[in-house]
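Q:
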Amino acid sequence: MTSYTALFVRELRLAVRVGGGALMGVLFFLIVVSVIPFAFGPDLNLLSRLGPAVLWLGALLSTLLGLDRLYEADRDDGALDLIVGSGRSLELIALVKALAHWTATGLPLVIAAPLFSLFLAMPPATIGSTMLTLLVGTPALTFLGSIGAGLTVSLRRGGLLVPILILPFCIPVLIFGVSASTAVAFDPAGFHTPFYLLCAVSLLAAVTGPVAAAAALRGGLD
Amino acid sequence: MAISITALANPTRFLGLVDKAVPWLAGLTALTLLGGLALMVQSPPDYQQGETVRIMYIHVPAAWLSMFTYALMTASALGTLVWRHPLADVSAKAAAPIGAAFTFLALVTGSLWGKPMWGTWWVWDARLTSVLVLFIMYLGLIALWRTIEDPTRAARPAAVLILVGSVNLPIIKFSVDWWNTLHQPASVFRMDGPTIDGSMLTPLLVMAIGFTLMMVTLHLLAMRNEVLRRRVRALGLITAGGAR
Chain A
31 MTSYTALFVR ELRLAVRVGG GALMGVLFFL IVVSVIPFAF GPDLNLLSRL
81 GPAVLWLGAL LSTLLGLDRL YEADRDDGAL DLIVGSGRSL ELIALVKALA
131 HWTATGLPLV IAAPLFSLFL AMPPATIGST MLTLLVGTPA LTFLGSIGAG
181 LTVSLRRGGL LVPILILPFC IPVLIFGVSA STAVAFDPAG FHTPFYLLCA
231 VSLLAAVTGP VAAAAALRGG LD
Chain B
10 MAISITALAN PTRFLGLVDK AVPWLAGLTA LTLLGGLALM VQSPPDYQQG
60 ETVRIMYIHV PAAWLSMFTY ALMTASALGT LVWRHPLADV SAKAAAPIGA
110 AFTFLALVTG SLWGKPMWGT WWVWDARLTS VLVLFIMYLG LIALWRTIED
160 PTRAARPAAV LILVGSVNLP IIKFSVDWWN TLHQPASVFR MDGPTIDGSM
210 LTPLLVMAIG FTLMMVTLHL LAMRNEVLRR RVRALGLITA GGAR
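One line per chain: the protein sequences are A and B, in this order. If you use the working numbering, the first sequence corresponds to residues 31 to 252, in order. If you use the working numbering, the second sequence corresponds to residues 10 to 253, in order.
(1) Have a look at residue 122 (chain B) and residue 61 (chain B) and give me their C-alpha separation to the nearest angstrom.
(2) Check whether the Cβ atoms of residue 70 (chain A) and residue 77 (chain A) lie closer than 9 Å to each other.
(3) What first and last residue would you give for the alpha helix (DSSP H) that runs through residue 51 (chain B)?
(4) Fully enclosed by the segment 137-180 of chain B, which alpha helix (DSSP H) runs are 4 residues long or longer?
(5) Are the segment 126-141 of chain B and the segment 137-154 of chain A touching, with three or more C-beta to C-beta distances below 8 Å?
(6) Are any of the Cβ atoms in chain B nearer than 9 Å to that of residue 199 (chain A)?
(7) Which residues of the segment 158-169 of chain B have a Cβ closer than 7 Å to any Cβ of chain A? Give them in chain order.
(8) What ranges does the alpha helix (DSSP H) occupy inside the segment 146-201 of chain A, keeping only unbroken runs of at least 4 residues that lie completely in it?
(9) If residue 173 (chain B) sits next to residue 177 (chain A), beta carbons under 8 Å apart, how far is it from one beta carbon to the other, in whole angstroms?
(10) Which residues bound the alpha helix (DSSP H) around residue 60 (chain B)?
(11) Does the beta carbon of residue 246 (chain A) come closer than 9 Å to any beta carbon on chain B?
(12) Is any heavy atom of the ligand SAH found at a distance shorter than 8 Å from the C-beta of residue 110 (chain B)?
(13) Verify the CB distance criterion: does residue 191 (chain A) have a CB-CB separation below 9 Å to chain B?
(14) Between residue 10 (chain B) and chain A, is the shortest Cβ-Cβ distance under 9 Å, so that the two count as touching?
(15) For residue 244 (chain A), which option in A:237, A:180 and A:199 has the closest C-alpha, if you only look at C-alpha atoms?
(16) Our contact map puts residue 288 (chain A) next to residue 220 (chain A) with C-beta atoms below 8 Å; I'd like the distance itself, whole angstroms only.
(17) Only counting the same chain, and skipping five residues up and downstream in sequence, which positions put a Cβ closer than 7 Å to that of residue 78 (chain B)?
(18) Once the 5 residues before and after residue 64 (chain A) are set aside, which same chain residues still bring their CB inside 8 Å of it?
(19) Report the start-end ranges of each alpha helix (DSSP H) in the segment 61-124 of chain B that is 4 residues or longer and not cut off at the edges.
(20) Report back the beta-carbon spacing between residue 154 (chain B) and residue 167 (chain B) to the nearest angstrom; my notes put them in contact at under 8 Å.
(21) Could you tell me whether the Cβ of residue 173 (chain B) comes closer than 9 Å to any Cβ of chain A?
(22) Along chain A, which residues have their Cβ under 7 Å away from the Cβ of residue 152 (chain B)?
(23) Against chain A, does residue 234 (chain B) count as a neighbour if the rule is that its beta carbon must be under 9 Å from one of theirs?
(24) Any C-beta of chain A sitting closer than 9 Å to the C-beta of residue 138 (chain B)?
(25) Using a Cβ-Cβ cutoff of less than 6 Å, which residues in the same chain neighbour residue 242 (chain A) once the five nearest sequence positions on both sides are dropped?
(26) Kindly indicate which three-state DSSP category residue 198 (chain B) falls into: helix, strand or coil?
(27) Compute the beta-carbon to beta-carbon distance between residue 118 (chain B) and residue 101 (chain B), rounded to the nearest angstrom, for a pair I have assumed lies under 8 Å.
(28) Which chain B residues sit within Cβ distance under 8 Å of residue 220 (chain A)?
(29) How many angstroms separate the CA atom of residue 242 (chain B) from the CA atom of residue 160 (chain B)?
(30) Give me the chain A residues within the contact set of residue 146 (chain B), using Cβ-Cβ distance strictly less than 8 Å, ordered along the chain.
(31) Please compile the residues from chain A whose C-beta is within a distance smaller than 7 Å of the C-beta of residue 156 (chain B).
(32) Once the 5 residues before and after residue 95 (chain A) are set aside, which same chain residues still bring their CB inside 8 Å of it?
(33) Within the continuous alpha helix (DSSP H) that includes residue 53 (chain A), where are the two ends?
(34) Flag this pair as touching only if the segment 203-216 of chain B and the segment 57-72 of chain B have three or more C-beta atom pairs under 8 Å; answer yes or no.
(35) Give me the Cα-Cα distance between residue 115 (chain B) and residue 177 (chain B), rounded to the nearest whole angstrom.
(36) When you compare the CB of residue 90 (chain B) with every CB in chain A, is at least one pair closer than 9 Å?
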């Protein structure tokens, strides 16, 4: 068990130090949120209605664009071959790497969301529900995204391919996340069903993501 | 002569079989489609929809085939990952553009049918959206195959993605039952029998058989092209290696 803990700590340390780029995701998130009012106009009523959707879209985009960090740096310096050749379960390695990646890039998004929601004039209940759905939903995005990162690990330039491959699978997360966040403002009872479905999708992704990513890594590295 | 699926692992034997089967299949496809079109012209117009109901005879088989092709790719992906059958990846790769074409056809004919009937080209209803997602997944798979230069290296990543994407198939099938949608629910494959009248069901089924035959013919031809393309690539690599 300790080797997986060591891997988790290593990933986290690499992500937050120079060259890790963990906080780039939050910066990108901030830019997406601040660009939205230029597109839709600065009408606060409209923005407060669109708020959860804007935050979810921003979180989705910055998660997807940060995914190339998941395996690319390790592949470049050869660490990935050592990790894969260590004889440990590749599925658990994929799970631990995805969890560490989420802690470094996804969790800051969740923490920053309430701050950014002030730009969008969102009511307090909606801020809370959006933060909660992001907390439950962004791990699903990272787990699903790890499949794309594994698929493109052998490519020199994965680039736009990962978002293209992974976005269709993120649609259910987006649907349930946004509908649970917005439901609170109009009908508190409408929060539970989409929220539980979002939890289910996250759990499913936590299983499917690492297993498929491990299969993709095995295919991509040999 | 009995040909098992293992014997077909030899591409030369497979190519021989394709050469023998394709003329028959192509002829049968042409006959069935012509017959289907003739039946379609004779079938009565709908009492509500009038002549536009004839779009159905293209739209419904194309939509069925868009899902059937993905199911075929899922089976091929299993063949790649579990049995490592050398032709399974060729089959999946050859099927993707055909499936994308059928999905595109279903979306376009549906849109053309939706304008006079629903008054709009597009609605974000569950069935339409899930089929659009299927179309995007086909394009994503094609992009993946086109990005990885070596086709043997692309086989496993593509198979993994196909398997993960197969969750969309039941979503498409049951989207009309799970959510209240503008798109009508199933009227042919139902537990209590088809609710569609026989005068329309017969041409529809003939068209569906014709579309399936066409898909099988195109798939075999595309697989043959893919096998030959890989041989050309291998020969080119050998020549380049010899020149060095």
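Where a beta carbon is used, it is the ideal one built from N, C-alpha and C, also for glycine.
A: This is what the structure gives:
(1) 7 Å
(2) yes
(3) 20-51
(4) 160-174
(5) no
(6) yes
(7) 162, 165, 166 and 169
(8) 154-181
(9) 6 Å
(10) Unbroken run through residue 60 (chain B): none, as it is neither H nor E.
(11) yes
(12) Absence of the ligand SAH from the depicted structure is noted, as is the absence of any ligand whatsoever, leaving it without description.
(13) yes
(14) A caution first: residue 10 (chain B) carries a pLDDT of 43, below 50, which makes its placement in the model too unreliable to give a value.
(15) A:180
(16) The structure shown has nothing for residue 288 (chain A), since chain A only spans 31 to 252.
(17) 104, 107, 108, 111 and 224
(18) 149
(19) 65-87
(20) 6 Å
(21) yes
(22) 191 and 194
(23) no
(24) yes
(25) 177
(26) coil
(27) With a Cβ gap of about 26 Å, residue 118 (chain B) and residue 101 (chain B) do not count as contacting.
(28) The contacting residues do not exist; residue 220 (chain A) stays about 15 Å from chain B at best.
(29) 10 Å
(30) 198
(31) 185 and 191
(32) 55, 58 and 193
(33) It is not in any alpha helix (DSSP H) - residue 53 (chain A) carries neither H nor E in the DSSP assignment.
(34) yes
(35) 16 Å
(36) yes
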